[in-house]
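Here is the structure we will look at.
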Amino acid sequence: MEIPKTYDPSQVEDKWYKRWIDSGFFRSTPDDREPYTIVIPPPNVTGVLHMGHMLNNTIQDVLIRRARMRGYNACWVPGTDHASIATEAKVVAMLREKGINKKDLSRDEFLKYAWEWKEKYGGIILEQLKKLGASCDWERTRFTMEDDLSDAVISVFIDLYNKGNIYRGVRMVNWDPQGKTALSDEEVIYKEVQSKLYHVRYPIVDTKLAEQIKSSTSTWTFTENGWEVVIGGENFKGSEFITIATVRPETILGDTGVCVHPEDERYKHLKGCFAVIPMVNRPVPIVFDDYIEMEFGTGALKVTPAHDINDYNLGLKFGLEVIDTINDDGTMSPAAKFYIGEDRFIVRKKIAKDLEAAGQMVKVEDYKNKVGYSERTDAVIEPKLSMQWFLKMDQVAKPALDNVLNGNIKLIPDKFINIYRHWMENVHDWCISRQLWWGQRIPAWYGPNNECVVCKTADEAISLFAAKGISVNKNDIRQDEDVLDTWFSSWLWPISVFDGFKDPNNKDIKYYYPTNDLVTAPEILFFWVARMVIAGYEYMHEKPFTNVYLTGIVRDKLGRKMSKSLGNSPDPLDLIAKYGADGVRVGMLLSSPAGNDLLFDESLCEQGRNFANKIWNAFRLVKGWSVDASLTTPEVNSISIRWFEQRFNEQLSVINDHYAKYRMSDALMASYKLVWDDFCSWYLEMVKPAYNENGPAAIDAATYNATLRFFEQLLKVLHPWMPFISEELWHHLNERQQNDCIIVAEWPKEEASDKKVLTGFEFAAEVVAQVRNIRSSKGISPRESLSLFIKSSQKVDDHFNAVIAKLANLNKLATTEVKVENSFSFLVGQAECYVPVSGNVDVAAEKERIQKELEYNLGFRNSVQAKLANERFVANAKPEVVDNERKKLADAEAKILALEEQLQSLK
RNA sequence: GGGAGCAUAGCUCAGCUGGUUCAGAGCAUCUGCCUUACAAGCAGAGGGUCACAGGUUCGAAUCCUGUUGCUCCCACCA
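Going by the working numbering, 1199 is the number at position 807 of the first sequence; the sequence numbering is gapless.
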């Protein structure tokens, strides 16, 4: 059989993925085994796979596959999220391209387009996940807007409303003028931008004049030192101004007050006075509040209650008028009286110019500030008063906080606990309404006079109204136009995917809930994780998951976030095509400790691919062996087999321990080294038959069988990381029954390892390395056979002598009582080793080398001696530590003695 | 403005409650090898005052304080 020299994943991956599916290996139904469950963080239904998904889902698949092998009933539930804002934006854009304006469509027409779009593009991402090898139970695929899940959302809303946790109210919300919807605080991204700070002076008038200005039209003119106003033919003059500083002059038209600090000497005398707002000529009160920073700007703040949350609060406090001057789409409203219908940013420039022309602009300075942007549309957020639905958080958040703090739910890494606590302790009410169509429509109904009832259907609404004494028919009532925040459906995900709302006592929810692990990005710790915990306790009285593994953000190697605009995000499918899914999986996980950002570089995938190839070639070697049943097992092989068994046991427990602590990269690296170093570089070289003129010699049956057994065990350890190549080789290694696949093979049992064998090997390995070092530094060919003599006062473990002889290519390995002349020497532990050479040894170079080693050991001995001479050390340190120091001293002294002897003999 | 975290080799990271020759791993680098499993490889080697300054201790990469630099989270500074 001719086996290609390199592993070709393209020949393998689709074949096995199909076989796994066809065999139902991903399928999970409740049985008597213990469940192990993960619900996928549902990606946006119209999204495509990016590197973040790759990392995330690779980790989930590793966890799921290992659990499956360990005998758990492993269930990974996949699905997608309807992502209302993002999807609606995409649909609107698609329609616009077709020349259709959303405004011209009815709600139903629009939704029809949206569903078509979803059917067409939805779930591409799930197909992509299959390429990665994701072993989800695809028969369980859910979608947050499918009927059952939507029903769950609606009934939860009604339930929370009836419990008094949901209320409706006018609040200052983050308004996205492009998406024309309110956003939650979490959906606003603040960016630092270069702005301008405009200093504008408002004339000061007293109460009497203010009254006159209010009651009739006034015409103002400004000079350098004062102002003049004509009211009804009467002329007034003044020289006093108050200068405010603002970055948003377009909101001046909505000003209803000016606020200064009560302790501010500059303004104390203005109590009871009014400032007159430019252009609209509205006198507004000057109020005093210690919210004001005296040092900032001029120390005077214009108050625009309709367009700034702080101003809104001040407005409430001082009873200021609210004038909403900006429309939903970010243009000026009629209430502004000027620039009506023009965009807020254009108006900003215009009004600045106009104020300048009028003589009210004092100065303009450059200024850096933070501006909120919509996460979804990137539009600048407009704080806006509007009627929204809210969920009260303080009560429901309590168990969600407690159960993380008491360790009932674990965050990995645990540094996120503090962040979580901080958020939960300062949680704000959650604005859950969105002014969109794509999503679950709010089940609230309004009567003729805006009376409101909350229930599922119009018929129920009619009877609820009737109960309130309001008699209506279907045509008199209308349903709320808004839909619910997407997170208001995804927070139910771990429950709703098992139909926990529809059928609370069904087998699935009872069996799979609570789930085990959740793997997600820290960015959505509050958006999603915290809220799932809340929903879990509210509706199941139980946590939704036990462990939350928080991945890092995938960045490029320069540390920049991957983004479309930077073009630094590779297409995961291209990577898979290039390096194989196994290679990419390994690449993703090689260096991504929980919570740490992953600086991704293609070379990581290359390393993964190389590893796959290494395994492939180990297989080629083993498969190429011909077995001769008549051969007895050579000594070198027996001890090698004995050693590898121990090494495997030892490393398996290391790997298991890493997994238990969710140290994925460490678990992978330990697996990697076990295969590459221990198995390939050492074990296979140890048992590999020598070759004669006819090619490689035959191998004995015991060695062959042991090697196959080891290989199988290693493939199992590799399977979670590299499902495809491990499955492929599993079947090449042995004839298998149809269903004997590694995906469902049993994870290796952890057994004790014999430390004596392991340390015996370590000694041998060190000797081999030293001989190789001599070859390398002295230019002796590996093919030239050497001899080696070991001199030691203590007994050295000689079990591995045959191994040493083979790997170091020795024709003789013996002990000696005396130093061997004309040889290179080295020390391993206390054993002096001599490699005699035919030519003359470079005495000077040897002396120098030995001298250096001697000096190091002398220094070391001195430091140990000093330690032991210190009475306080001997008195205070733990006895075993002191003993250890004594042993170190003895070792060092023996070494020094040996080195001195060697040096002596070279003279 | 408040809070949290980080700083160890060129890069990415380990280093558990202070104590094995503790200063590590992988990658990268350098040297020598196309040795019939693998050049996507083999063998060997060189890289670090553990950010800085103090302190606690018999003993500090590890604990404490301060400084510097970076990152993240929260928050309503015009």
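For glycine and all other residues, C-beta sits at the position ideal for the given N, C-alpha and C. All of these numbers come straight from a predicted model, not from anything done at the bench.
Rounded to whole angstroms, how far is the Cβ of residue i from the Cβ of residue j, which I believe are closer than 8 Å?
i       : j       : result
Val875  : Ile834  : 7 Å
Ala986  : Leu942  : 6 Å
Ile1182 : Val1188 : 6 Å
Leu712  : Gly649  : 5 Å
Ser1184 : Glu1224 : 7 Å
Ala1282 : Phe1252 : About 12 Å; that fails the 8 Å criterion.
Pro914  : Val454  : Going by Cβ atoms, the distance from Pro914 to Val454 rounds to 19 Å, so no, they are not a contact pair.
Gly1016 : Leu996  : Contact doesn't hold; Cβ gap of about 31 Å is too wide.
Gly630  : Trp612  : With 8 Å as the limit, Gly630 and Trp612 do not qualify as a contact, their Cβ atoms being about 10 Å apart.
Lys949  : Asp993  : 4 Å
Between which two residues does the beta strand (DSSP E) carrying residue i extend?
i       : result
Asp500  : No beta strand (DSSP E) holds Asp500; the alpha helix (DSSP H) holding it covers Arg499 to Tyr513.
Lys755  : Met753 to Ser766
Asp948  : Val946 to Asp948
Leu1180 : Leu1178 to Lys1183
Cys844  : Cys844 to Val846
Leu589  : Val580 to Val597
Lys1325 : Because the chain in this structure spans residues 393 to 1299, residue 1325 falls outside the shown range and cannot be described.
Cys997  : From DSSP, Cys997 is part of no beta strand (DSSP E) but of the alpha helix (DSSP H) over Glu994 to Gly1016.
Can you tell me the Cα-Cα spacing of residue i and residue j, whole angstroms?
i       : j       : result
Asn810  : Pro840  : 49 Å
Ile804  : Glu426  : 23 Å
Phe730  : Thr573  : 25 Å
Val592  : Ile636  : 5 Å
Thr638  : Ile887  : 48 Å
Thr643  : Val676  : 14 Å
Asn566  : Leu1110 : 49 Å
Leu747  : Val483  : 42 Å
Asp900  : Thr421  : 8 Å
Asp851  : Asn867  : 11 Å
Phe688  : Ile596  : 21 Å
Leu1291 : Ser1145 : 35 Å
Ile1031 : Tyr1096 : 14 Å
Val925  : Ser1063 : 34 Å
Arg458  : Ala1156 : 34 Å
Ala602  : Phe666  : 7 Å
Arg460  : Tyr1051 : 14 Å
Leu777  : Asp423  : 53 Å
Is the separation between the beta-carbon of residue i and that of residue j shorter than 8 Å?
i       : j       : result
Phe418  : Val1136 : no
Leu1100 : Val1028 : no
Ser955  : Leu541  : no
Asp700  : Pro775  : yes
Val845  : Leu828  : no
Val585  : Asn798  : no
Thr769  : Thr429  : no
Arg658  : Gly707  : no
Gly561  : Phe919  : no
Met686  : Asp716  : no
Asp989  : Gly928  : no
Phe1192 : Gly1221 : no
Val946  : Glu767  : no
Ile1091 : Ile1007 : no
Lys365  : Glu1293 : Nothing can be reported for residue 365: it is not among the residues displayed for the chain, which extend from 393 to 1299.
Arg1012 : Gly972  : no
Would you list the residues sitting across from residue i in a DSSP beta bridge?
i       : result
Glu626  : Ile623
Trp822  : Leu783
Gly561  : Gln780
Ala1223 : Val1220
Gln871  : Trp837
Tyr941  : Ile804 and Val911
Ala969  : Note: Ala969 sits in no beta bridge, so no partner.
His731  : Inspection of the sequence shows that residue 731 is occupied by Tyr rather than by His. In the DSSP output, where bridge partners are listed per residue, Tyr731 has none listed.
Start and end of the alpha helix (DSSP H) containing residue i?
i       : result
Ser1063 : Met1056 to Lys1065
Phe549  : Asp539 to Asn554
Ile1290 : Residue 1290 is actually Ala in this sequence, not Ile. Its alpha helix (DSSP H) spans residues Pro1271 to Leu1298.
Pro906  : Per DSSP, Pro906 belongs to no alpha helix (DSSP H) and is neither H nor E.
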